[in-house]
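2 protein chains.
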Amino acid sequence: MLTEMKREQLTEFYTECEKEYESYKSLNLKLDMSRGKPGADQLDITMPIMDILISPGDMIASDGSDTRNYGLLTGIPEARELFGGLLGCKADEIIIGGNSSLSLMYDSVSRAMSHGVLGSERPWNKEEKVKFLCPVPGYDRHFAVCEHFGIEMITVPMKSDGPDMDEVERLVSEDAQIKGIWCVPLYSNPEGIVYSDEAVRRFANLSPKAPDFRIFWDNAYCVHHLTDKPHRILNILEECKKAGKADMVYIFASSSKISFPGAGVAVLAASAENIKAVTAHLAIQTICFDKVNQLRHVKFFMNTDGIKSHMEKHRAILAPKFRTVLDILDNQLSEFGILEWNKPDGGYFISVNTLSGCAKRVVSLCKEAGVIMTSAGATFPYGNDPEDRNIRIAPTFPPLDELKTAMNLFCLCVKLASAEKLIHNS
Amino acid sequence: MLTEMKREQLTEFYTECEKEYESYKSLNLKLDMSRGKPGADQLDITMPIMDILISPGDMIASDGSDTRNYGLLTGIPEARELFGGLLGCKADEIIIGGNSSLSLMYDSVSRAMSHGVLGSERPWNKEEKVKFLCPVPGYDRHFAVCEHFGIEMITVPMKSDGPDMDEVERLVSEDAQIKGIWCVPLYSNPEGIVYSDEAVRRFANLSPKAPDFRIFWDNAYCVHHLTDKPHRILNILEECKKAGKADMVYIFASSSKISFPGAGVAVLAASAENIKAVTAHLAIQTICFDKVNQLRHVKFFMNTDGIKSHMEKHRAILAPKFRTVLDILDNQLSEFGILEWNKPDGGYFISVNTLSGCAKRVVSLCKEAGVIMTSAGATFPYGNDPEDRNIRIAPTFPPLDELKTAMNLFCLCVKLASAEKLIHNS
Numbered sequence: 000m001l002t003e004m005k006r007e008q009l010t011e012f013y014t015e016c017e018k019e020y021e022s023y024k025s026l027n028l029k030l031d032m033s034r035g036k037p038g039a040d041q042l043d044i045t046m047p048i049m050d051i052l053i054s055p056g057d058m059i060a061s062d063g064s065d066t067r068n069y070g071l072l073t074g075i076p077e078a079r080e081l082f083g084g085l086l087g088c089k090a091d092e093i094i095i096g097g098n099s100s101l102s103l104m105y106d107s108v109s110r111a112m113s114h115g116v117l118g119s120e121r122p123w124n125k126e127e128k129v130k131f132l133c134p135v136p137g138y139d140r141h142f143a144v145c146e147h148f149g150i151e152m153i154t155v156p157m158k159s160d161g162p163d164m165d166e167v168e169r170l171v172s173e174d175a176q177i178k179g180i181w182c183v184p185l186y187s188n189p190e191g192i193v194y195s196d197e198a199v200r201r202f203a204n205l206s207p208k209a210p211d212f213r214i215f216w217d218n219a220y221c222v223h224h225l226t227d228k229p230h231r232i233l234n235i236l237e238e239c240k241k242a243g244k245a246d247m248v249y250i251f252a253s254s255s256k257i258s259f260p261g262a263g264v265a266v267l268a269a270s271a272e273n274i275k276a277v278t279a280h281l282a283i284q285t286i287c288f289d290k291v292n293q294l295r296h297v298k299f300f301m302n303t304d305g306i307k308s309h310m311e312k313h314r315a316i317l318a319p320k321f322r323t324v325l326d327i328l329d330n331q332l333s334e335f336g337i338l339e340w341n342k343p344d345g346g347y348f349i350s351v352n353t354l355s356g357c358a359k360r361v362v363s364l365c366k367e368a369g370v371i372m373t374s375a376g377a378t379f380p381y382g383n384d385p386e387d388r389n390i391r392i393a394p395t396f397p398p399l400d401e402l403k404t405a406m407n408l409f410c411l412c413v414k415l416a417s418a419e420k421l422i423h424n425s
Numbered sequence: 000m001l002t003e004m005k006r007e008q009l010t011e012f013y014t015e016c017e018k019e020y021e022s023y024k025s026l027n028l029k030l031d032m033s034r035g036k037p038g039a040d041q042l043d044i045t046m047p048i049m050d051i052l053i054s055p056g057d058m059i060a061s062d063g064s065d066t067r068n069y070g071l072l073t074g075i076p077e078a079r080e081l082f083g084g085l086l087g088c089k090a091d092e093i094i095i096g097g098n099s100s101l102s103l104m105y106d107s108v109s110r111a112m113s114h115g116v117l118g119s120e121r122p123w124n125k126e127e128k129v130k131f132l133c134p135v136p137g138y139d140r141h142f143a144v145c146e147h148f149g150i151e152m153i154t155v156p157m158k159s160d161g162p163d164m165d166e167v168e169r170l171v172s173e174d175a176q177i178k179g180i181w182c183v184p185l186y187s188n189p190e191g192i193v194y195s196d197e198a199v200r201r202f203a204n205l206s207p208k209a210p211d212f213r214i215f216w217d218n219a220y221c222v223h224h225l226t227d228k229p230h231r232i233l234n235i236l237e238e239c240k241k242a243g244k245a246d247m248v249y250i251f252a253s254s255s256k257i258s259f260p261g262a263g264v265a266v267l268a269a270s271a272e273n274i275k276a277v278t279a280h281l282a283i284q285t286i287c288f289d290k291v292n293q294l295r296h297v298k299f300f301m302n303t304d305g306i307k308s309h310m311e312k313h314r315a316i317l318a319p320k321f322r323t324v325l326d327i328l329d330n331q332l333s334e335f336g337i338l339e340w341n342k343p344d345g346g347y348f349i350s351v352n353t354l355s356g357c358a359k360r361v362v363s364l365c366k367e368a369g370v371i372m373t374s375a376g377a378t379f380p381y382g383n384d385p386e387d388r389n390i391r392i393a394p395t396f397p398p399l400d401e402l403k404t405a406m407n408l409f410c411l412c413v414k415l416a417s418a419e420k421l422i423h424n425s
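From first to last, the protein sequence lines stand for chains A and B. Residue 0 is where the first sequence starts when you use numbering that gives the first Met the number 0, and the numbers rise one by one after that. Residue 0 is where the second sequence starts when you use numbering that gives the first Met the number 0, and the numbers rise one by one after that.
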């Protein structure tokens, strides 16, 4: 345990690490572990999607409409059915969007600000203040949307089975300015936490003071398992219906990490009433999304099983990368007591916690040696991790050999930063 | 001339028309002339675009980035260059969006409302009132965006070479609440009017009282010529630069009516400073647009000449349809003095003006006999054509034989509605 070493030992430890660090620097590395991007080999497994639609006859949707032309604002029927099936929703509870679920989330917040949502007494931007609950650590792009619209973010701690629901229940029932909460319920970003059935049920039974409160349920990793025993979460829309609160949730998903990040299709699922209300606004914004790409996806995946077996191919590439990261962390750091980490069964990230006050320093040491990590603090609203401990590791993009190099360097930087801190405090 | 007939003659004329109308009704027609949709034969000429990108090696952009993955928010370099070239702009004056220029326009207004534009003193939604100038007749979807955001619309009459610029200059210089104007400068929707060089220069030299006034320059029909002598308009961004007002214009275009309406690419062009400001907001909204589709378009069209020669194929299909409509109008109505129409050299519409107070009745008679026209009034803000005269004819979608039937019926309905009115007034 590094924390139990005396100053002399620590200094020796530090000096040795520093030598090793200098030799890393001489390698002139240029590695990027900052974002949850699929690797090129993952993209290749979707390539057969590219020559499915070739002749005019291929382009017709199941209702006879021509996907090349204008129309069908909410998506082609077979795409609504496919992704509805995946999320356990009916076709009329689905809007198929463009290539970005982030865009659907942004638009949902933007519309709520300018016009309100179904059941709003007024547009959110006419409220004195709007607040969102943000379970932490969480996804930086969710927080950025809130910050962009001046929505105040209140953090809620994550527990091992979802957000601290006592806290969530208390806050939403007391404060009418709290209009929403961000959730990544399955394999959360970054910790890979799976919401328990109890947590989902407590979400569905929330009694918010705001009549137009919305759960932003970002089911980004709904089929992104890393083991052969996929976790399941309860269907939030079903649970909300049971609780008589069908309109309280917006569900988001996309094929970004199923097919192509830049050229997939995104999905908004919600009660049919919510979908009707959103569609009325959407009709002003666009004539239709890219239905050719929707049809391409349906013809490639066919059905839910098609998506699931496709995800097995992703798993075959990703599981070894996650194992590599975990093995390296285990081998190099377990004896020192200077880093905690999770072992996710799905999703795109491994979340680690350093000793207090070390995360920024670790990321900066990595950067200096040519390895870009997600910024420390990014997993907290306003980029502010109060204890400066959390770092999100994204193991998916680099090839395995680069990943090993990057992780070895990362462990070294954790040792350096921890030793620095302990020496300083000793 | 119907207007000179006596009551008796009119009644006889009306009775004959009515008989003919009844026989049309017995045909149970179901034709849609309401929107500017390309016909299926037009969509077929772009089909070779569908098998250009097949193997992983095809998917790499000119800067080495993988179009399948995340990134390149403003578009792949070669797409920015291609569409920049088409619009006479540099690559850094271009953002390539998703499949919808309407969406880029909506987003631009939405962002201006919530955050303002470059040079705004405050978000537009913090102003007491925001107004837009709307040359009329104009495009209903432009007006719908304004109405959606509570922007008051002030109509400005169109002249034969663009909007009444005396009126535009006077209004924008007097009223700081006027923040924008909608323009379709080449083959305007619906009249097919081409803005003269003088009109474009006067636009570029506007001195609006609002420091953050924007010209929304929807160059929807930039290469959509119907004759072999394409009209040219001056480059508004260049003219604005000359006038020292580079930031005053947002230019929009898309390949919707070049490649596929549902699966094209849309473009925002503006000063590099405007593009930077927009991109900063866009970074919150999405990670990237569909770059695979961007690359598909670049590889298909290659360059500006590629687009232009492709548009010749569209012209070969469209010109006969426009000629058919104009011939039928000419043959059936010119002797009666009850309809005026334009003869556009490009674009997607023919605009007609009935006798005062007859447009709604004509559209309703058409509908009763199974032919859907664009709603009368749609070409005016709030759907309110004060004289109830203007109807937009969209000849592109129906096959030629259906178009003939629909137009014959339309002419009959014009006769009926006009005779009704004249009998009523006699």
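Cβ atoms here follow ideal geometry from the backbone N, Cα and C, with glycine treated the same way.
- Taking a beta-carbon distance threshold of 8 Å, HIS296 of chain B does not count as an interface residue toward chain A.
- Residues of the region 94–122 of chain A whose Cβ lies closer than 7 Å to any Cβ of chain B, in chain order: GLY97, ASN98, SER99, LEU101, SER102, TYR105, SER109, MET112, SER113.
- Between the region 122–135 of chain A and the region 152–168 of chain A there are three or more inter-stretch CB-CB distances shorter than 8 Å, so the stretches are counted as touching.
- Residues of chain A with a Cβ closer than 9 Å to the Cβ of ASN27 of chain B do not exist, since the nearest Cβ in that chain sits about 19 Å away.
- Shown here for GLY191 of chain B: same chain residues with a beta carbon closer than 6 Å to its own, the five before and five after excluded, namely ASN341, PRO343, GLY346 in chain order.
- Where ASP304 of chain A is concerned, the enclosing alpha helix (DSSP H) starts and stops at 303–332.
- At least one CB of chain B lies nearer than 8 Å to the CB of ALA143 of chain A.
- DSSP places GLY179 of chain B outside any alpha helix (DSSP H); the residue lies instead in the beta strand (DSSP E), whose first and last residues are 177–182.
- The continuous beta strand (DSSP E) containing GLU151 of chain B extends over residues 151–158.
- Going by C-alpha positions, VAL297 of chain B is about 36 Å away from ASN27 of chain A.
- Chain order gives the chain B residues near ARG34 of chain A as TYR69, where near means a beta carbon separation below 7 Å.
- By the C-beta criterion, the region 251–260 of chain A is judged to be in contact with the region 96–108 of chain A, since at least 3 inter-stretch pairs fall below 8 Å.
- Against chain B, the CB of LEU42 of chain A has a partner CB under 8 Å away; the residue lies at that interface.
- DSSP places ARG391 of chain A within a strand segment (E or B) once states are collapsed to three.
- Taking 8 Å as the cut-off, the Cβ atoms of GLY261 of chain B and ASP289 of chain A count as close.
- Look at the region 323–342 of chain A: it has no residue with a C-beta under 9 Å from a C-beta of chain B.
- Of all residues in the region 247–261 of chain B, only PHE259, PRO260, GLY261 come within less than 7 Å of chain A when Cβ atoms are compared, listed by chain position.
- Around the beta carbon of HIS224 of chain B, a 10 Å sphere encloses 16 or more other beta carbons of the protein chains shown; the residue is thus reported as buried.
- Taken in chain order, the unbroken stretches of alpha helix (DSSP H) that lie wholly in the region 66–148 of chain B and span 4 residues or more are 76–86, 100–114, 139–147.
- Relative to the Cα of CYS365 of chain B, the nearest Cα in the group B:LEU317, B:LYS24, B:HIS280 belongs to B:LYS24.
- With a beta-carbon spacing of about 17 Å, ARG391 of chain B and SER355 of chain B fall beyond the 8 Å limit used to define contacts.
- Taking CB atoms only, VAL183 of chain A has no neighbour in chain B less than 8 Å away.
- Between LEU338 of chain B and LEU325 of chain B, the C-beta spacing is not below 8 Å.
- Contact fails between the region 266–274 of chain A and the region 36–55 of chain A, because fewer than three Cβ pairs, one in each stretch, are under 8 Å apart.
- Only buried fits THR353 of chain A, as 16 or more other CB atoms lie within 10 angstroms of its CB.
- In the displayed model, ARG231 of chain A falls within coil according to three-state DSSP, outside both helix and strand.
- The C-alpha of PHE259 of chain B is placed about 20 Å away from the C-alpha of THR66 of chain B.
- Ranked by Cα distance from TYR138 of chain A, the first of A:ALA368, A:ARG6, A:LEU399, A:ALA393 is A:ALA393.
- Proximity of PHE288 of chain B to chain A, defined by a Cβ-Cβ separation below 8 Å, is satisfied.
- Against chain A, a Cβ distance below 8 Å from PRO55 of chain B picks out ALA39, LEU42, ASP43, MET46.
- The CB of MET372 of chain B never comes closer than 9 Å to any CB in chain A; the least such distance is about 17 Å.
- Rounded to the nearest angstrom, the gap between the Cα atoms of PRO210 of chain B and ALA175 of chain B is 8 Å.
- From the beta-carbon of PHE82 of chain A, no residue of chain B is found nearer than 7 Å; the closest lies around 17 Å away.
- Contact note: ASP65 of chain B reaches chain A through ALA39, LEU42, using a C-beta cutoff of 7 Å and chain order.
- As DSSP reads the structure, PHE215 of chain A sits in a beta bridge with A:TRP181, A:TYR249.
- Assignment of SER195 of chain A by DSSP, reduced to helix, strand and coil, places it in the coil class.
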